[in-house]
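Peer 1: Questions regarding the structure given below will be posed in turn.
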Amino acid sequence: MDTEQQLKISKSIFLVPIVFVLVIWILYAIEITFGYNFNTYGVYPRNLVGLRGVFLTHFIHNNTNHLFNNSIPLFVLLSSLFYFYRTIAYKVLLYGALWSGLLTWTIARESYHIGASGIVYVLFSFVFFSGIIRKHYRLVALSFVIIFLYGSMIWYVFPIKEGISWEGHLSGFLVGLFFSVLYRNRGIVKEVHQFTKTDFDLLFDEHGNFIPSKIEQRVEEES
88 MDTEQQLKIS KSIFLVPIVF VLVIWILYAI EITFGYNFNT YGVYPRNLVG LRGVFLTHFI
148 HNNTNHLFNN SIPLFVLLSS LFYFYRTIAY KVLLYGALWS GLLTWTIARE SYHIGASGIV
208 YVLFSFVFFS GIIRKHYRLV ALSFVIIFLY GSMIWYVFPI KEGISWEGHL SGFLVGLFFS
268 VLYRNRGIVK EVHQFTKTDF DLLFDEHGNF IPSKIEQRVE EES
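Under this note's numbering, the residue at position 112 of the sequence shown is numbered 199, and the numbers go up by one with no gaps.
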């Protein structure tokens, strides 16, 4: 599949981003409407019951501000993933959600860790580093756009603010980086141009030395 075919726009590019964002908003609406508290379904590190959060944490949010802050980058980054990396998009999304949750469960503080920010950091890291590694001009341009829009996110992989799961952010960031290396040869890659020899090239040997005898010999043979 050539690059132009892979970058063909279709409605399916936005299907997963729209569905994902709608689901997390609907779940939050159910939570506040009926007075539920889904926070206990988040990741609780090194606890067997807390292990269920590996799968559920990405759909649970603490408040509307938390939800809104994740929704926009989630939609933008998921759309970028499914447009530029559609052949591996589902693997990056599903495995990224799984492994970022597991890593958070392994390294984080003993507290409930919730939110889609783990996936946001997987996508941010994957999209940014993939463009740099592949060196394809369109993907590099996308990397610069992503770092321009969300570059400040990098600071939140460190414990600089109370109440934020920096461990979840760090886990997502590392998983995204790993996937960008693992899948570096899948999908769009920098094209290697093949050059064909001309009569002018035949005037020189592999060391660049001028050898007109070859072209003269060829002319004699054609005569």
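Glycine residues also receive a C-beta, built at the ideal position from the N, C-alpha and C atoms.
#1: Out of Ile147, Leu165 and Leu261, which has the shortest C-alpha to C-alpha gap to Ser99?
#2: With DSSP as the reference, label His223 as helix, strand or coil.
#3: Can you round the beta-carbon distance between Gly129 and His200 to whole angstroms, since I take them to be within the 8 angstroms contact cut?
#4: If distances are taken between C-alpha atoms only, which option among Arg221, Trp242 and Val262 comes closest to Phe273?
#5: By DSSP, does Pro104 sit in helix, in strand, or in coil?
#6: Can you check DSSP and say which residues form a bridge with Val163?
#7: For the putative contact between Gly202 and Thr191, defined by C-beta atoms under 8 angstroms, what is the C-beta separation to the nearest angstrom?
#8: Write down the C-beta distance between Phe213 and Val179 rounded to the nearest angstrom, noting that I regard them as a contact closer than 8 angstroms.
#9: Determine the burial state of Leu181: buried for a count of at least 16 other Cβ atoms within 10 Å of its Cβ, exposed for fewer.
#10: Does His200 come out as helix, strand or coil in the three-state DSSP assignment?
#11: Would you mind reading off the limits of the alpha helix (DSSP H) that contains Ser258?
#12: Verify whether the separation of the beta carbon atoms of Ile233 and Phe215 is less than 7 angstroms.
#13: Drop a sphere of 10 angstroms on the beta-carbon of Ser97, count the other beta-carbons inside from all chains shown, and report buried for 16 or more, exposed for fewer.
#14: Between which two residues does the alpha helix (DSSP H) containing Phe142 stretch?
#15: Going by DSSP, which residues form a beta bridge with Val136?
#16: Can you tell me which of the three DSSP states Gln281 falls into?
#17: Return the chain-ordered list of same chain residues with a C-beta closer than 8 angstroms to the C-beta of Trp253, the five sequence neighbours on each side being excluded.
#18: Evaluate Phe282 with the Cβ neighbour count: other Cβ atoms within 10 Å of its Cβ, from every protein chain shown; 16 or more gives buried, anything less gives exposed.
#19: Along the chain, where does the alpha helix (DSSP H) containing Ser239 start, and where does it finish?
Peer 2: In terms of the structure at hand:
#1: Leu165
#2: coil
#3: 5 angstroms
#4: The amino acid occupying residue 273 in the given sequence is Arg; Phe does not appear at that position. Minimum Cα distance to Arg273 is reached at Arg221.
#5: helix
#6: Val163 is not bridged to any residue.
#7: About 10 angstroms separates the two Cβ atoms, so there is no contact after all.
#8: 6 angstroms
#9: exposed
#10: strand
#11: Trp253 to Leu269
#12: yes
#13: exposed
#14: Gly140 to Leu143
#15: Note: Val136 sits in no beta bridge, so no partner.
#16: Note that Gln281 scores a pLDDT of 47, beneath 50, so its modelled location is shaky and nothing firm can be said.
#17: Tyr243, Val244, Phe245, Pro246 and Ile247
#18: For Phe282, the predicted model reports a pLDDT of 48, less than 50, meaning its position is unreliable; a value from the coordinates is still stated below. Exposed.
#19: That residue, Ser239, is in no alpha helix (DSSP H); it is neither H nor E in DSSP.
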